[in-house]
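Just so you know, we're using our numbering here: the sequence shown kicks off at 445 and counts up by one.
Backbone N, C-alpha and C define an ideal beta-carbon position, used for all residues, glycine too.
One structure is given below, encoded as structure tokens.
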Amino acid sequence: MYKNWLQEFYQREIGGEARIFQSPGRINLIGEHTDYNGGYVLPAGIDKACYLAIGEASGDCTLIAYDLNEKISLNNCPPNLSSNHWINYLMGVRHAFEKRGFKIPHVNMLIRSDIPIGAGLSSSAALESVVAYAFNTIYGTGFSQLELAKIAQEAENDYVGLKCGIMDMFASIHAKKDHAIQLDCRSLEFQYVPLQMDGISILLFDTCLKHELASSAYNQRREECETVVRYWQAQGANATTLRDVSRSMLMEARPHLDPICFQRASFVLDENERVMAFAAAMQQGNWKAAGAQMAGSHAGLRDEYEVSCPELDHLVKVASQQEGVLGSRMMGGGFGGCTINLVKNELMEQVIEKTSASYKKAFGVEPKHYIATTGDGACEL
Ligand code: GLA
């Protein structure tokens, strides 16, 4: 729907012909903080995306972020950009191509997105993914979809500084409408699982907040998990991630581990099991059983992994008590963003109303809500 708009805006503001690409945001049914631990995740692409109009630049590059109302010419790029400035997402992708031996010529880019920023729907991964996909298509670099996801992840890790896993970019690039992606982040093998949800929809409540320390706390969690892996490596075990650490290995190591590291690792092992249990329940259409796994996931994220916050806990608590809600939990990295809820369609309105009112009473602001519809992965329009 944005294709004509993007082409016209590009022509007016930058000039010349542009090709148009898109890559979606994502939800994650279950499997949080498991991706960088080599574990399982179950994301799906949504019908909100990051759109890119891209064309060759004859001289200086012009970059426009429409939603932020910013236009930057690379020749007079402001110095000391913060690491999460949108320019860094583009630079990061470009750099990852260069590292692989492909120098990307000067290009102009116009970006427009309808993925809410900071809602935990991976708007930044969608931006990195659409740029990687576009470079690969235009310059014929021939990278696989998996390699493109790795390139996008590298941009985030090295340029933005968030040591995230591969889930968000993988989902953005591989997404398939009406399907979730069951991904093993160790082997990177995956399968599409049909999301047949008769009479049930996925409802997201957005806390509309993102805590300042979210990314340092995220990197710290990752470090705590890696401590456990390093313990086993020092014992000579062939372990690369927590996925290679069994429950009995974890228990054996317990006396030698910092209790916090033990607690984090224990959560990750449980969460991997919950993803498998959720996927099995989902395939049988047993959404009640799937929802029970979501409750376990939230409790673990809150009490053991400690990445929730009062606002997320409140949304989950209030939603879970309501008729028609089969499952509810925080989604994504934590410290803000959204909760994901499985809700019976006939009770949807009531659930939205009651939960929103209770949140407003507790925190003074109305949460946003979205009914998530699945969408396809990165493509050229
Ligand atoms: C963020 C990261 C992902 C993943 C989730 C938590 O979205 O970008 O890689 O770790 O948090 O599951």
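Quiz item: Are ALA615 and ALA806 closer than 9 Å when you measure CB to CB?
Solution: No. Outside cutoff.
Practice problem: With DSSP collapsed to three states, give me the class of LYS620. | Solution: In the three-state reduction of the DSSP assignment, LYS620 falls in the coil class.
Exercise. Go ahead and label LEU770 buried or exposed: buried means 16 or more other beta carbons lie within 10 angstroms of its beta carbon, across all protein chains shown.
Key: Flag for LEU770 reads buried.
Quiz item: How would you call PRO756, buried or exposed, if buried means at least 16 neighbouring beta carbons within 10 angstroms?
Solution: For clarity, residue 756 is Leu in the given sequence; the question names Pro instead. Result: buried.
Quiz item: Looking only at its own chain, which residues have a Cβ that is under 8 Å from the Cβ of THR671, when we skip the five neighbours before and after it?
Solution: Excluding residues up to 5 positions away in sequence, LEU701, ASP702 and CYS705 lie with their Cβ nearer than 8 Å to the Cβ of THR671 in the same chain.
Quiz item: Tell me which same chain residues have a C-beta within less than 7 Å of the C-beta of MET427, skipping the five on either side of it?
Solution: Examination of residue 427 is not possible in this model, given that the chain is present from 445 through 825 alone.
Practice problem: List the endpoints of the continuous alpha helix (DSSP H) containing MET707. | Solution: Note that residue 707 is Gln in the sequence shown, not Met. Its alpha helix (DSSP H) spans residues 703–727.
Quiz prompt | DSSP-derived helix/strand/coil call for PRO811 | solution = Residue state, collapsed to three classes: coil.
Exercise. Please name the residue or residues paired with ARG463 in a DSSP beta bridge.
Key: According to DSSP, ARG463 bridges with ILE498.
Quiz item: Who does ALA509 pair with in a DSSP beta bridge?
Solution: Looking at the DSSP assignment, ALA509 forms a beta bridge with GLU514 and ILE555.
Quiz item: Just the residues with CB closer than 5 Å to a heavy atom of the ligand GLA, in chain order, which are they?
Solution: Working through the chain, the matches are GLU476, HIS477, ASP479, CYS608, GLY609, MET611, ASP612, GLY776 and GLY777.
Practice problem: Count the other C-beta atoms from every protein chain shown that fall within 10 angstroms of the C-beta of ASN472, then say buried if there are 16 or more, exposed otherwise. | Solution: Sixteen is the threshold: when 16 or more other Cβ atoms of the shown chains lie within 10 Å of the Cβ of ASN472, as they do, the residue is buried.
Practice problem: Below 8 Å CB to CB, which residues in the same chain sit around ASP642 once its five sequence neighbours on both sides are set aside? | Solution: Answer for ASP642: GLY729, listed in chain order.
Self-check item: Residue span of the beta strand (DSSP E) that contains SER645, given as start and end
Solution: Membership of SER645 in the beta strand (DSSP E) is indicated by the continuous run 644–654.
Self-check item: Helix, strand or coil at LYS547 according to DSSP, with G and I counted as helix
Solution: Coil at LYS547, not helix or strand.
Exercise. Kindly identify the DSSP beta-bridge partner or partners of SER773.
Key: Looking at the sequence itself, residue 773 is Arg, so the reference to Ser does not match. BP columns for ARG773 point to ILE784.
Quiz item: Is ASN472 helix, strand or coil when you go by DSSP?
Solution: DSSP, reduced to helix, strand and coil, places ASN472 within a strand of the structure shown.
Exercise. Consult DSSP for GLU696 and reduce its assignment to one of helix, strand or coil.
Key: In the structure shown, GLU696 adopts helical secondary structure according to DSSP, grouped into three states.
Quiz prompt | Coarse secondary structure for CYS608, derived from DSSP in three states | solution = Correct three-state label for CYS608: coil.
Quiz prompt | Any 3 or more C-beta pairs closer than 8 Å across the stretch 778–790 and the stretch 731–739 | solution = Judged by Cβ distances under 8 Å, the stretch 778–790 makes contact with the stretch 731–739, as three or more pairs qualify.
Quiz item: Taking the alpha-carbon positions, what's the GLY609 to GLY483 distance?
Solution: In this structure, the straight-line span from the alpha carbon of GLY609 to that of GLY483 is close to 10 Å.
Practice problem: Go ahead and label HIS758 buried or exposed: buried means 16 or more other beta carbons lie within 10 angstroms of its beta carbon, across all protein chains shown. | Solution: Taking all protein chains in view, the Cβ of HIS758 is crowded by 16 or more other Cβ atoms within 10 Å, so the residue is classified as buried.
Quiz item: Among ASN519, THR585 and GLU793, which has the Cα closest to the Cα of ARG538?
Solution: Comparing Cα positions, the closest option is THR585.
Self-check item: Unbroken beta strand (DSSP E) run spanning GLN635, endpoints
Solution: Its beta strand (DSSP E) spans residues 634–638.
Quiz item: In or out: PRO410 buried (at least 16 other Cβ within 10 Å) or exposed?
Solution: In the structure as shown, the chain begins at 445 and stops at 825. Residue 410 is therefore absent and cannot be evaluated.
Quiz item: Using the C-alpha atoms, what's the distance from GLY469 back to ALA725?
Solution: Inter-residue distance for ALA725 and GLY469 is about 25 Å (C-alpha atoms, whole angstroms).
Quiz prompt | With 16 other Cβ atoms within 10 Å as the buried cut-off, status of HIS477 | solution = Taking every protein chain shown into account, the CB of HIS477 has 16 or more other CB atoms within 10 angstroms, so this residue is buried.
Quiz item: Buried or exposed: which applies to ASN481, given that a residue is buried once 16 or more other Cβ atoms fall within 10 Å of its Cβ?
Solution: That one is buried.
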